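Participant: In this note's numbering, the protein residues as written are 15 to 1239.
Laid out in C-alpha cells, this is it:
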C-alpha cells in the first residue's frame, strides 16, 4: 500500500486546486461587519467593513459599499464634515476619512482576496438612547467575471453605553430557611452596564421578629462592566427567642447611593439604573423556638353553689399572629369537669376561646391576647367535706397525648405550671352579707353591716383595695356588725368588701363600698354674730363644726382681734386660746360687757389657727358685732348681706335674716314684717316683739319663695318692709330699712322627649314610639314640628306616616304628652354593622318667645339592616381552556354583587395565582360596580397560556379576586376563586440534526463527522442523554453524555463521531454503526429508553490493490480534509463561541517546526473579533447538506504545543489549533 497524503499536505496544495477550479465557476464576493462596539462619550470611532473574495482571480475586483439606503435605525451624515452633527450618528469613510454621499468604494487587486478600506465613523455622545443599527450594502461597480457578490448585505449595531439598566431581584434559595441558615438573592440587569455600577439594597426583617442584624441598613452590590447577575448572601440569627416565622425582604432602592465610587475605575451613580417592578424579593425564615404557656392559680378556692370562683390563669410567651394557634387542654385530678365543677372564660380576651376543658389561643394581624383567665365554679353537692382538685397542662406539643396542639408555630410549644395547681372546693359557705356600708373618719373607715342571725358564723374577714388578701377581724363573732379600719391615709379613696367565715369555709363577698378618710375640717358655723352691751352683760356663743368628727377630744386653737375701741375687760372678756372639741361640734363663749357709753358699734373677730390633727375650713373667721345700747335703732342682718330664695322646694326655698334693737327700749317694740308680693315670697313671723328684757336678742325672719308654673324669663325681686310701733317714743314709727329678696325662677321653657333613641327594622316589621310634652305652661299655642331623616317615617296616633309631623300644644293641654310612632324604610344596601342611624329633629314655634326653640331635642333611630353584602361568581361548571389557539382557547364566567354598595366597588387583582400561575391569563383585570349597575353581571374571560413544557397532562390554576371600595362592607370582602384546567400541547422527546453520517476509518480530515441534539420541550429538571455506539471498534462517539437544563434545553449540543481504523478490508469497503440515545431525568416525561438513533457508515481504507490511481487518492484525501474541517467546526467553533454561526473560520497549524507566515508577518485574530482574515485563513460556509462549499489556503506562525490568544492545542495533540471565528445569526 502506498503512503497516504495527510490533511496538511493536501491543504498546502489547495491554492493549486483553487486555480484549477477558477475557470470552472464564479467566485463569491462577500461583506462582513466589524464587531459591535460601544459608542463611547466623545470623538469618532473608525470601523471597517471587510470585503472578502472566496478565491483570488486574475483581474482586479472593484466594489462599493452603501450605507443608510437599505434600512437601519442610525442616522447618516452624507457631508464629509470633520465633526458629525448632534442629530446624526455616523458618516461613511474610506481609509478613515469621511466621503461625500452615502457610499464609499475600493478595489481588491488581482490575485488578492480581501480589502478593508471602507468603513464608517461612529459619533460618541452622552445621550441615553436605544442601540442603533447600520445596514451596509455591497455591490460590484465593474465587470469582474467570474465574480458574484453574495452575500451582499450586513448589519452592524452601535451599542449605546448611556442607557439605564433595569435591575430586578429574585430569591434563589428555597422558599424558606430555618433561623441560623442563609439564603441567596440574585440581582439581574436586563442589559449589562458599560461601566462598573453600584446598586443599593435595603434589608427588612420579618414582622415582630429579629432574624437579621442589618435590618434597614443600606447594602451595596457592584455590577462590573459587562456583568448582568451578581448574588447577595444573607445570613440569619439563631437564638432562643420565640418569634413568629415571617419573610425577610430585600429591596432594590435608587434613593440612597448618589455619588458612590468603587475603586480607581469608578462606578456610575445609582441614578443610572431603574428598578424592575416592585424590586422586592423575600424568603421566609422559620423560627424553631417553642412558644411557652404557663399555668398559675392565683385564687385557689371556690365555694360550692356560690359566685366565689377559683382562677386558672394561662399566660403565653408572646401574642400569636395570623395563621398561628395553640390549644391548651386543662387536665384535672381529684374532681370531674361538669360534675364537681364547671369552667367559664373571664372577659373576652382577643382570640381566646374555651371549649370543654381546652383553651385555644388564635392569632390575628393585631396579635392575640397573652393572658386568659378561666373561672372554676364549684358545683353544689350533698356532702360537707371540702374537696381538692389538681389542675395541670401538657408540657409539650409532641409525644403522647395529652399534648399542646400547635398550629403554625414552627418551633412547637411547651407548657409549665407554677405552684402545685391545687384548687379547694369549699362546702357550706355562709350567706352573702347585706346592708354593708363604709363611713370615713379621720385616718379610719368604719365598716357596718346587718346581723345575718347565722349561728354557724365563727368570724368575719374584710378586704381592702387593691384586692389581695382577706384580713380577719380579730375577736369577731356571729353577732359582730361593725369594724373600724385604722391607720389609713387621709385623702385616699379606699374600697372594702366583707365576708363571713364558718370554720375553714368562707362565704360570698359583699358588695363593694368606698370611703375616703379625711382630717377633720374645722370652721365656724356662722361667719357673723351679734352682741349687745345692754342688760349688764351678754354672752355670744360662737359655734364650731368639724367634719368628719374628731374621734377623741382635740384642742383647736384660735386668736382674737378687735376693731374700733373694743377693749378686753370693758367691752368683752374674749381672749385667744384653745377650745376643746369632741365629736363634730364645739363652741367659744364670748361675754359682752355693758359700758353704757353712747358709742359706735364695735366688733370682735375670732380667727381659727391650724393645728395638729385638723385643718381650717372656709369660715375660718367669725365676727361678733357689739351694738351700743345708748342709741335707739333697729338693726337688720342678712346672711351674707343678701336674701335669696328659690321657687322650688328644698333647702334653697327659704332664707333668713335677723332683726334686733340697738338699745334697750322703755316699752315693747312691735315690728311688723310685710312682703311686697306675697305671690312671689312670704315672710314669717309677720310680727317681731322686743321687750326691755329681750331687746338685745336678734329675732329671725324667714323668707319663703312661692312656686308657680310660669317661665318668668328671669328672677323676681320682692321688697320686704318693716314698721315699728311702741309706747317708747324713740321706737314708735322709727325708720327701719327694707330687705330686698331675690326670688329665683325654677321654670324654663322647653320640650321634653321621653326617649333619646329608638330601634326599627328596614322591612317595617318592627316599629318604636316615644312621647313629647312641654316642660312649662306657655302663654300661647306651641307647635312642635317633628322631622325624620331619610330612611324612616313618623306619624301620630291614627295619622298617616310621612317624613314630618306637627304636634300642637295649648295653655290648656301643655302637660299632656303626645305619642310619635317611628317606622323604618327599606333599601338594597348592606349597611355598616348591619344597621344605619337616622336622626329625628324637633323644632318648637310660638308667639310665646320662650317657646321659639330651633333645636328642641333629637331622637337617634337605629334602622336594622336586612341586606347582606357579597360577590357572586358563576362559572357555569368547570373551566377548561387549551394552550393553543382555537375554539377552546378561552372560557368565561360571570361576576355580580349581592347588594347595592354605597360607593363604587372595584374588583381588582383578577389574577392567576395558586396552582400554576403561568397557565392562563384573565381579562379584564378589573371590574367596576357602581351603586347604579351593581346588579348587572360582568364577564371575565380566561385564556390559556402556551409553554414549552410537557406537563404530562393538564395544569390547574385558581383565579382570585380582591375588592376595594369606600363602602366598608365591600372593601376587602371575601370572593370565591375560580378553578381553571389548562390542556397541554407539548410532548417530551429529543431531535437529532442528522439521521445518518459517513466517516472514514483512516486518520485525517474525514475521520470524524458531527451532528446536533436538542430537546423537543422544556423539562422541569436536568435531562441527561447517554450516547452509545453499538460497535466501538468501528466508530466512537463523544461526548458520551449530553446534559440539558430547563435554561438551555433548546440550545443544540454537538456530538462528534470518529471512525476507528483496522487492518481489515471490509466487505463493500464500509461498516455500519448505530448510535443510540437514552434520556434520563427526575422529570418523568424525560425518562426515555429509546430517544432516537443515528446510523454511521464507516468507509474502509484497506485495499489489496496497490495500483489505484492518484485521482482516487486525491479525492479521498480531499474528502478527509472536508471531514476534518467539519469536525473542527463542531469541536471548536460553536462550542468555543456559544453562538449559532452562518460563516465560520478556523486556522490549522503545521507540524512542529513548519512555521508559516503571511506576507512575512504572523496573522493574529483578537479575542471575539469577527473580521475575515483574507488569504491567511480557511473559510467555510456550510451548505444545506452540511458539505463545505469552498476552501482556501492557510498560513500560521505558531509552533506545536503553543496557544494563541483565542485558541488551544488540538485535543489529540497532532497539531496546534490557533483560532476559530464567525459571524452570529
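Each residue gets a CB set at the ideal place from its N, CA and C atoms; glycine is no exception. Quantities reported herein were computed from a predicted structural model and do not represent experimental measurements.
#1: Within the same chain, show all residues whose beta-carbon is closer than 6 Å to that of residue 670, passing over the 5 residues directly before and after it, in chain order.
#2: Suppose the cutoff is 6 Å on Cβ atoms and the five residues either side in sequence are ignored; what does the same chain contact list for residue 943 look like?
#3: Okay, do the segment 746 to 765 and the segment 774 to 784 touch, 3+ Cβ pairs below 8 Å being the bar?
#4: Which class does residue 241 belong to by DSSP, given the choice of helix, strand or coil?
#5: List, from N- to C-terminal side, the alpha helix (DSSP H) runs of 4 residues or more that fit wholly inside the segment 927 to 1006.
#6: Is the Cβ-Cβ distance between residue 1011 and residue 963 less than 8 Å?
#7: Note down, one range per segment and in chain order, each beta strand (DSSP E) of at least 3 residues found wholly within the segment 372 to 429.
#8: For the segment 405 to 420 against the segment 300 to 309, are there 3 or more C-beta pairs whose distance is under 8 Å?
#9: By Cβ distance, which residues of its chain are closer than 7 Å to residue 1263, with the 5 residues on each side in sequence left out?
#10: Assuming contact is defined by CB atoms lying nearer than 8 Å, are residue 593 and residue 570 in contact in what I supplied?
#11: Restricting to runs no shorter than 3 residues, where is the beta strand (DSSP E) found entirely within the segment 283 to 337?
#12: Here's the rule: buried if 16 or more other CB atoms are within 10 angstroms of the residue's CB, otherwise exposed. What is residue 900?
#13: For a quick check, are the C-beta atoms of residue 768 and residue 789 less than 8 Å apart?
#14: Could you check the C-alpha separation between residue 495 and residue 528 for me, to the nearest Å?
#15: Given a cut-off of 8 Å, decide if residue 785 and residue 819 are closer than it, judged by their beta-carbon atoms.
#16: Report yes or no: do the segment 678 to 686 and the segment 730 to 740 share at least 3 C-beta pairs separated by less than 8 Å?
#17: Under 8 Å: do the segment 94 to 104 and the segment 135 to 146 share three or more Cβ pairs, one atom per stretch?
#18: If residue 478 sits next to residue 499, beta carbons under 8 Å apart, how far is it from one beta carbon to the other, in whole angstroms?
#19: In the DSSP assignment, the beta strand (DSSP E) including residue 45 goes from what residue to what residue?
#20: Rounded to the nearest angstrom, what separates residue 91 and residue 236 at their Cα positions?
#21: Assign residue 338 to buried or exposed, taking buried as 16 or more other Cβ atoms, counted over all protein chains shown, within 10 Å of its Cβ.
#22: Looking only at its own chain, which residues have a Cβ that is under 6 Å from the Cβ of residue 1104, when we skip the five neighbours before and after it?
#23: Hey, residue 998 and residue 1037: beta-carbon distance below 8 Å or not?
#24: Thinking C-alpha only, which one of 514, 512, 507 is nearest residue 532?
#25: Taking only three categories from DSSP, how would you classify residue 440?
#26: Which runs of the beta strand (DSSP E), 3 residues or longer, sit entirely within the segment 728 to 795?
#27: Whole angstroms are fine: how far does the CA of residue 800 sit from the CA of residue 815?
#28: If we ignore side chains and look at the alpha-carbon of each, how far apart do residue 747 and residue 728 end up?
#29: So, is residue 1093 buried or exposed, given that buried needs 16 or more other C-beta atoms within 10 angstroms?
#30: Along the chain, where does the beta strand (DSSP E) containing residue 532 start, and where does it finish?
#31: Rounded to whole angstroms, what's the CA-CA distance from residue 183 to residue 150? Just pull it up for me.
#32: Just confirm the distance between the C-beta atoms of residue 471 and residue 492, as a whole number of angstroms; I'd bet it's less than 8 Å.
#33: Relative to the alpha-carbon of residue 1074, which residue among 1040, 1052, 1112, 1095 has its alpha-carbon at the smallest distance?
#34: Span of the beta strand (DSSP E) holding residue 907?
#35: Kindly indicate the opening and closing residues of the beta strand (DSSP E) around residue 132.
#36: Just checking my contact of residue 371 with residue 351 at CB under 8 Å: how many whole Å lie between their CB atoms?
Facilitator: So, from the listed chains and residues:
#1: Position 656 of the chain shown, counting from 1, holds the residue named residue 670. 714, 716, listed in sequence order.
#2: Along the chain shown, read from residue 1 onward, the residue named residue 943 stands at position 929. Cβ neighbours of residue 943 beyond the five flanking positions: 911, 919.
#3: no
#4: Here residue 241 refers to the residue found at position 227 of the chain shown. In the structure shown, residue 241 sits in coil (DSSP, three-state: anything other than H, G, I, E or B).
#5: none
#6: Numbered from 1 along the chain shown, position 997 holds the residue referred to as residue 1011. Numbered from 1 along the chain shown, position 949 holds the residue referred to as residue 963. In this structure, residue 1011 keeps its C-beta atom at 8 Å or more from the C-beta atom of residue 963.
#7: As far as the segment 372 to 429 is concerned, its whole beta strand (DSSP E) runs of at least 3 residues are 372 to 376, 385 to 392, 401 to 406, 419 to 421.
#8: yes
#9: Only positions 15 to 1239 of the chain appear in the structure, and residue 1263 is not among them; the question remains open.
#10: The count along the chain shown starts at 1 and reaches residue 593 at position 579. The count along the chain shown starts at 1 and reaches residue 570 at position 556. Going by C-beta atoms, residue 593 is nearer than 8 Å to residue 570.
#11: 294 to 300, 305 to 313, 315 to 317, 324 to 330
#12: For the purposes of this step, residue 900 is taken as residue 886 along the chain shown, with counting starting at 1. It is exposed - the Cβ of residue 900 has fewer than 16 other Cβ atoms within 10 Å.
#13: Numbered from its first residue, the chain shown carries residue 768 at position 754. Numbered from its first residue, the chain shown carries residue 789 at position 775. Cβ atoms of residue 768 and residue 789: not closer than 8 Å.
#14: Within the chain shown, residue 495 is the residue found at index 481, counting from 1. Within the chain shown, residue 528 is the residue found at index 514, counting from 1. Between residue 495 and residue 528, the C-alpha separation is close to 18 Å.
#15: As a working note, residue 819 is residue 805 in the chain shown. As a working note, residue 785 is residue 771 in the chain shown. No; because the gap between Cβ atoms is not below 8 Å, this pair is not in contact.
#16: yes
#17: yes
#18: Within the chain shown, numbered from 1, the residue matching residue 478 stands at position 464. Within the chain shown, numbered from 1, the residue matching residue 499 stands at position 485. The Cβ separation is near 7 Å, so the contact holds.
#19: Numbered from 1 along the chain shown, position 31 holds the residue referred to as residue 45. Residue range 41 to 45 is occupied by the beta strand (DSSP E) that includes residue 45.
#20: Taking the first residue of the chain shown as 1, we reach residue 91 at position 77. Taking the first residue of the chain shown as 1, we reach residue 236 at position 222. The straight-line gap from Cα to Cα measures roughly 38 Å.
#21: Within the chain shown, the letter at position 324 stands for residue 338. Buried, by the Cβ-count rule.
#22: The count along the chain shown starts at 1 and reaches residue 1104 at position 1090. For residue 1104, same chain residues with a beta-carbon under 6 Å away, outside a window of 5 residues either side, do not exist.
#23: Mapped onto the chain shown, residue 998 falls at position 984. Mapped onto the chain shown, residue 1037 falls at position 1023. Not closer than 8 Å, so no.
#24: The residue labelled residue 532 in the question sits at position 518 within the chain shown. The shortest C-alpha to C-alpha distance from residue 532 to any of 514, 512, 507 is the one to 507.
#25: As a position in the chain shown, residue 440 is number 426, starting the count at 1. Shown here, residue 440 sits in a strand according to DSSP, grouped into three states.
#26: 730 to 740, 753 to 758, 765 to 767, 771 to 775, 782 to 788
#27: Sequence index remark: in the chain shown, residue 815 carries index 801 (1-based). Sequence index remark: in the chain shown, residue 800 carries index 786 (1-based). So the alpha carbons of these two residues sit roughly 12 Å apart.
#28: Within the chain shown, numbered from 1, the residue matching residue 747 stands at position 733. Within the chain shown, numbered from 1, the residue matching residue 728 stands at position 714. Straight across, the Cα-Cα distance linking residue 747 with residue 728 is about 35 Å.
#29: As a working mapping, residue 1093 is identified with position 1079 in the chain shown. So residue 1093 counts as buried.
#30: As a position in the chain shown, residue 532 is number 518, starting the count at 1. Counting along the chain, residue 532 falls outside any beta strand (DSSP E), and DSSP gives it neither H nor E.
#31: As a working mapping, residue 183 is identified with position 169 in the chain shown. As a working mapping, residue 150 is identified with position 136 in the chain shown. For residue 183 and residue 150, the distance between alpha carbons rounds to 39 Å.
#32: Taking the first residue of the chain shown as 1, we reach residue 471 at position 457. Taking the first residue of the chain shown as 1, we reach residue 492 at position 478. Their Cβ separation, rounded to whole angstroms, is 4 Å, which keeps residue 471 and residue 492 in contact under 8 Å.
#33: As a first step, residue 1074 must be located in the chain shown, where it is residue number 1060. Nearest option by C-alpha distance: 1112.
#34: Locating residue 907 in the chain shown gives position 893, where the first residue counts as 1. Per DSSP, residue 907 belongs to the beta strand (DSSP E) from 904 to 911.
#35: To locate residue 132, count along the chain shown from 1; it is residue 118. Per DSSP, residue 132 belongs to the beta strand (DSSP E) from 132 to 137.
#36: Translated into the one-based positions of the chain shown, residue 371 becomes position 357. Translated into the one-based positions of the chain shown, residue 351 becomes position 337. That pair is a contact at about 5 Å.
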